[in-house]
Amino acid sequence: MQIVAASTKKDGVTVVMIHPGAVLTERQAYLEGKYKGILKTAFTVHNMILTIEKVTLEGTGRFLQYDGATEPW
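Positions 74 to 146 (the numbering used here) are the ones given, in order, by the sequence shown.
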């Protein structure tokens, strides 16, 4: 994705990778409330949308967490 980001930046295309975190899905509903740190889907999606809205062309090629923090490679 970094290659895609570098090759499309000149065209004004912003490319970022987003890690949604540990997301509680329908298949894992039985885990709800048992482990700290498991995120509900709606929470993660909402925060990813907020993160995407803030990304600029200067940030192309970055790997981000759902909350906009830089995710280490």
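Even glycine gets a Cβ: it sits at the ideal position worked out from N, Cα and C.
Scanning the region 96 to 137 for uninterrupted alpha helix (DSSP H) segments of 4 residues or longer gives 114 to 127, listed from N- to C-terminal end.
Shown here for Gly94: same chain residues with a beta carbon closer than 7 Å to its own, the five before and five after excluded, namely Leu112, Thr117, Gln138 and Tyr139 in chain order.
Taking the CA atoms as reference points, Phe136 sits about 14 Å from Leu130.
Under the three-state reduction of DSSP output, Thr143 falls in the strand class. Setting aside the 5 residues that flank it on each side, Thr124 is surrounded in the same chain by Ile91, Leu137, Tyr139, Asp140 and Gly141, each with a C-beta closer than 7 Å to its C-beta; the list follows chain order.
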